[in-house]
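These notes concern the structure reproduced below.
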Amino acid sequence: MTGERFANVVLGGGSVLSITSLAYLILRHGWAAHYLAIGILAVGLVAALKLPVRHRINMALAVLSLVSTGYFSEAVCAVLQLMPPSNLIAPNMPMAFGDNAEVVKEQAKVAQAHTVPFDTRSKLKAIMDLRAQGLDAWPDIAAEALLEGWEEGKAATAVKINGVGVMPLSGIAGKPTVLCNESGQFIIYESDEYGFNNPKGLWGSGQLKIGAVGDSFTHGKCVPSDKNFVSLIRQQQPSTLNVGRSGNGPLCDLAAIKEYLSIVRPKVVLWEYFEGNDLADLEVELRNPILRRYLEAEFSQHLHSRQPAIDQALMEYVESVRHSREPLGHLRQYLVRQHSLSGVLDDVEGFIKLAHARQQISQAVQRLKPKDAREFLVRTTQARADDIELFRRILEQAKVSVEAWGGTMTFVYLPQWERYADVQYASKDRDRIIEVVKQLGIFVVDLHPAFIKHGDPVSLFPFRRYGHYTEEGNRLVAEEILKALAGVNHEA
Numbered sequence: 004m005t006g007e008r009f010a011n012v013v014l015g016g017g018s019v020l021s022i023t024s025l026a027y028l029i030l031r032h033g034w035a036a037h038y039l040a041i042g043i044l045a046v047g048l049v050a051a052l053k054l055p056v057r058h059r060i061n062m063a064l065a066v067l068s069l070v071s072t073g074y075f076s077e078a079v080c081a082v083l084q085l086m087p088p089s090n091l092i093a094p095n096m097p098m099a100f101g102d103n104a105e106v107v108k109e110q111a112k113v114a115q116a117h118t119v120p121f122d123t124r125s126k127l128k129a130i131m132d133l134r135a136q137g138l139d140a141w142p143d144i145a146a147e148a149l150l151e152g153w154e155e156g157k158a159a160t161a162v163k164i165n166g167v168g169v170m171p172l173s174g175i176a177g178k179p180t181v182l183c184n185e186s187g188q189f190i191i192y193e194s195d196e197y198g199f200n201n202p203k204g205l206w207g208s209g210q211l212k213i214g215a216v217g218d219s220f221t222h223g224k225c226v227p228s229d230k231n232f233v234s235l236i237r238q239q240q241p242s243t244l245n246v247g248r249s250g251n252g253p254l255c256d257l258a259a260i261k262e263y264l265s266i267v268r269p270k271v272v273l274w275e276y277f278e279g280n281d282l283a284d285l286e287v288e289l290r291n292p293i294l295r296r297y298l299e300a301e302f303s304q305h306l307h308s309r310q311p312a313i314d315q316a317l318m319e320y321v322e323s324v325r326h327s328r329e330p331l332g333h334l335r336q337y338l339v340r341q342h343s344l345s346g347v348l349d350d351v352e353g354f355i356k357l358a359h360a361r362q363q364i365s366q367a368v369q370r371l372k373p374k375d376a377r378e379f380l381v382r383t384t385q386a387r388a389d390d391i392e393l394f395r396r397i398l399e400q401a402k403v404s405v406e407a408w409g410g411t412m413t414f415v416y417l418p419q420w421e422r423y424a425d426v427q428y429a430s431k432d433r434d435r436i437i438e439v440v441k442q443l444g445i446f447v448v449d450l451h452p453a454f455i456k457h458g459d460p461v462s463l464f465p466f467r468r469y470g471h472y473t474e475e476g477n478r479l480v481a482e483e484i485l486k487a488l489a490g491v492n493h494e495a
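This is the structure we're talking about:
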């Protein structure tokens, strides 16, 4: 092939492909202003055919080099999306299990600025390292980790026992459990007989003084097991049981009371409410048919008597998720998702637009930018009246359940970081929630005044950024709860 013919093929072929791509995009999506660039490119390539042969050849070589480099990069980035970069070194579990590689990198940078060593392994890498040492370690299993498609507006139960869906409310029993890492080191605890964060033996110690329900703050994120506020309360009141779990919302809290606390019948039930996401969690919980049934007074899954089967089902599910994060598992999932014509067309269009390469460049640019804690701030709106009413119904049913065994409920209001970083981003439902609780005749322990009195409430969060309470924050919560309980004569 002569140089002139080579140049004509490259430039002419490029113009035809540009015009074809433009026509496809317009037919599929309609006109958009940025499509003009493709039209200009096509015109430019056609015009280049009129250049002298030497210039035409140079232009063809330049175009071919740019196009080859661009689409080779796109192909590499597309393949890497099937195999997340973290999988090449330290595999991650999905975000529902607590892994977010970008957040970990940012936390490590902040820790370095505070001269604090930070373990940058993913949770899964930490688990696999423990297993290599002979420990049968497992992740904590947040509520949303068991709801398939919760990020896409769905919430089907992912765990089955004998082919029937079940919604566990705890983790795997009697195992080293890797919880989280916000301050530099992974928090690991030995789960109790029912998969909760308690010392073993509490379940058989007779009637308990205190039982606690709640989300990740109650669970113990993200401080050592003897430093979370439920453990600190236990140091003063040894018969204190924690059935909190990461990701729990009001429906899971109600379920935990019915399934577990009703067995041990504590004199006081602490309902810990985190203003940052409990109502949002309720919206997700309502999509799950099993959790919705806890609105029925007599419904139960009888989880307390099914722990061995629950453990087996959870272990099988976690392992299936782990294998799905491996390269072949990703490819298998991708092929299943993309079997439709629409999926194929989306992929073709993305390739034409260099979508994966552009995404990687954008992410690289973002990583170079200095980040501020305020980037975590998200504006919130007031909850709907229906959501507040549903919350009232759930809380009322919990109160009835607790009082049926002679116990009393105490509502603990846990403030979020946004309330002190920039109050305009904090929950708009604080006053309505507290009013609902008081109308139900439930005693309220509001931690917000104590945080304000502290003088520097932002310091009660890791590195003064968004996250769970520090050890000092947990001490403050425990002290205020114990003081309040003693003041109302709950025998605590």
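So the sequence shown is numbered by this note's numbering: it starts at 4 and just counts up by one.
Cβ atoms here follow ideal geometry from the backbone N, Cα and C, with glycine treated the same way.
All figures in this text were calculated on a predicted structure; none of them were measured in a lab.
Just how far apart, CA to CA, sit residue i and residue j?
i      : j      : result
LEU426 : VAL447 : Checking the sequence shown, residue 426 turns out to be Val, not Leu. Between VAL426 and VAL447, the C-alpha separation is close to 22 Å.
VAL339 : LEU30  : Caution is warranted here: a pLDDT of 49 is assigned to VAL339, below 50, making its placement in the model unreliable, and the coordinate value is therefore given only provisionally. When rounded, the distance between both Cα atoms is 27 Å.
ASP543 : SER125 : No statement about residue 543 is possible, as the shown extent of the chain runs from 4 to 495 and does not include it.
HIS305 : LYS163 : 14 Å
LEU331 : ALA316 : Interpretation of LEU331 is limited by its pLDDT of 48, a score under 50 that renders its predicted location unreliable; the figure taken from the coordinates is listed afterwards. Cα to Cα, the separation comes out at about 23 Å.
TYR416 : SER327 : 38 Å
LEU334 : PHE354 : Only weak support is given to the placement of LEU334: the predicted model assigns it a pLDDT of 47, under 50, and the value that follows is read from those uncertain coordinates. Distance between the alpha carbons of LEU334 and PHE354: 17 Å.
GLU77  : ASP349 : 15 Å
PRO241 : LEU479 : 19 Å
CYS225 : VAL19  : 58 Å
LEU298 : GLU392 : 13 Å
LYS47  : ALA40  : Inspection of the sequence shows that residue 47 is occupied by Gly rather than by Lys. Going by the C-alpha atoms only, they are around 10 Å apart.
GLU483 : LEU450 : 7 Å
VAL56  : GLY6   : 8 Å
PRO253 : GLU147 : 13 Å
GLY42  : GLY17  : 12 Å
LEU264 : GLU399 : 16 Å
ALA407 : PRO269 : 11 Å
TYR469 : ALA51  : 55 Å
ASP132 : THR123 : 13 Å
ARG325 : GLN136 : 19 Å
PRO202 : GLU193 : 8 Å
TYR276 : THR221 : 9 Å
LEU463 : HIS117 : 15 Å
LEU149 : ASP314 : 13 Å
TRP206 : PRO452 : 34 Å
ALA358 : VAL351 : 10 Å
ASP459 : HIS32  : 53 Å
SER323 : LEU127 : 13 Å
Cα-Cα, which of the options is closest to residue i?
i      : options                           : result
GLY410 : ALA401, THR5 and LEU443           : ALA401
ALA10  : SER365, HIS58 and ASP390          : HIS58
TYR423 : ALA316, TYR472, GLY168 and LEU211 : TYR472
ALA489 : SER21, ASN201, ILE213 and ILE191  : ILE213
SER404 : LEU52, TRP206, ALA300 and ILE313  : ALA300
VAL461 : ASP432, PRO418, LYS431 and VAL491 : PRO418
VAL272 : ALA116, LEU25, LEU485 and GLY16   : LEU485
CYS255 : ARG237, GLU286, CYS225 and ASP229 : GLU286
VAL106 : ARG387, GLY187 and GLN238         : GLY187
GLU151 : ALA129, ASP459, VAL321 and LYS270 : VAL321
THR413 : ALA135, PHE199, VAL440 and ARG395 : VAL440
PHE466 : ARG387, GLU109, LEU127 and LEU44  : GLU109
ASN184 : PRO120, THR160 and LEU205         : PRO120
GLN442 : SER68, ARG396, ASP459 and GLY209  : ARG396
GLN363 : VAL13, TYR38 and VAL79            : VAL79
GLU278 : GLN238, ASP195 and THR383         : THR383
LYS356 : LEU14, VAL12, TYR27 and TYR428    : TYR27
ALA161 : GLY444, ALA429, ALA358 and GLU319 : GLU319
ALA312 : GLN238, TYR197, ALA140 and ILE22  : TYR197
LEU69  : THR23, LEU54, LEU25 and VAL13     : VAL13
GLU262 : ILE191, PHE302 and PRO227         : PHE302
PRO292 : GLY168, ARG387, LEU182 and GLN385 : GLY168
With a cut-off of 8 Å on the beta carbons, I'd call residue i and residue j a contact; round off their distance for me.
i      : j      : result
ILE266 : HIS307 : 5 Å
LYS157 : ARG290 : 6 Å
ASN231 : ASN477 : 5 Å
THR180 : ASP143 : 5 Å
ALA258 : VAL233 : That belief does not hold up - the Cβ atoms of ALA258 and VAL233 are roughly 18 Å apart, past 8 Å.
Who does residue i pair with in a DSSP beta bridge?
i      : result
ALA215 : ASN245 and LEU273
TYR192 : THR180
VAL448 : VAL415
TRP141 : THR180
THR160 : LEU150
VAL167 : ILE164
Original post:
Is the number of C-beta pairs between the region 168-184 and the region 241-259 that are closer than 8 Å three or more?
Top reply: With a cut-off of 8 Å, the region 241-259 and the region 168-184 count as touching, because enough Cβ pairs lie within range.
Original post:
Any chance the region 271-291 sits against the region 430-446, with 3 or more Cβ pairs inside 8 Å?
Top reply: Touching, yes, given that three or more Cβ pairs across the two stretches are closer than 8 Å.
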